[in-house]
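Take a look at the structure set out below.
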Amino acid sequence: MISLEDRLPSEAVVNAVSDIEDSDVTDLPPLYGAIDTDALDALFTGDAATSVTFEYSGYTVTVEDNEVVFVQQ
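Start counting at 1 in the sequence shown, then tack on 1032, and there's your number in the numbering used here.
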């Protein structure tokens, strides 16, 4: 679990997965191959309750409106 802490959701997802894999973010496949990163970031700019789950680099990633990223294998 990672807090977004002033990061875009797309950045937080890549950072969370790179932390789990103990690798550099540049070693991961592009996130835009799994989800539209602009749409992902736009979903979390308002106050509406939102939750998005998708597959990325062998993980199930969930971004929630409380600004938390969950990554599960």
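Glycine is no exception: its CB is placed at the ideal position from the N, C-alpha and C atoms. Given the structure is predicted, the values throughout are model-derived calculations rather than measurements.
*asked:* So, at 7 Å on beta carbons, what are the nonlocal neighbours of Glu990 in its own chain, with the 5 sequence-adjacent residues on each side left out?
replied: In the structure as shown, the chain begins at 1033 and stops at 1105. Residue 990 is therefore absent and cannot be evaluated.
*Runs of beta strand (DSSP E) lying entirely within the stretch 1054-1104, each at least 3 residues, in chain order*: Unbroken beta strand (DSSP E) stretches of 3 residues or longer found wholly inside the stretch 1054-1104: 1083-1088, 1091-1096 and 1100-1104, given in chain order.
*In whole angstroms, what is the alpha-carbon distance linking Asp1059 and Ile1052?*
As a position in the sequence shown, residue 1059 is number 27, starting the count at 1. As a position in the sequence shown, residue 1052 is number 20, starting the count at 1. Separation of Asp1059 and Ile1052 (C-alpha to C-alpha, rounded to the nearest whole angstrom) is 13 Å.
*Roughly how many angstroms lie between the CA atoms of Leu1072 and Ser1042, to the nearest whole one?*
Position 40 of the sequence shown, counted from the start, is the residue given in the question as residue 1072. Position 10 of the sequence shown, counted from the start, is the residue given in the question as residue 1042. The C-alpha of Ser1042 is placed about 7 Å away from the C-alpha of Leu1072.
_Residues near Ala1081 by beta carbon distance below 8 Å, same chain, minus five either side_ = Residue mapping note: residue 1081 aligns to position 49 of the sequence shown, counting from 1. The residues are Asp1097.
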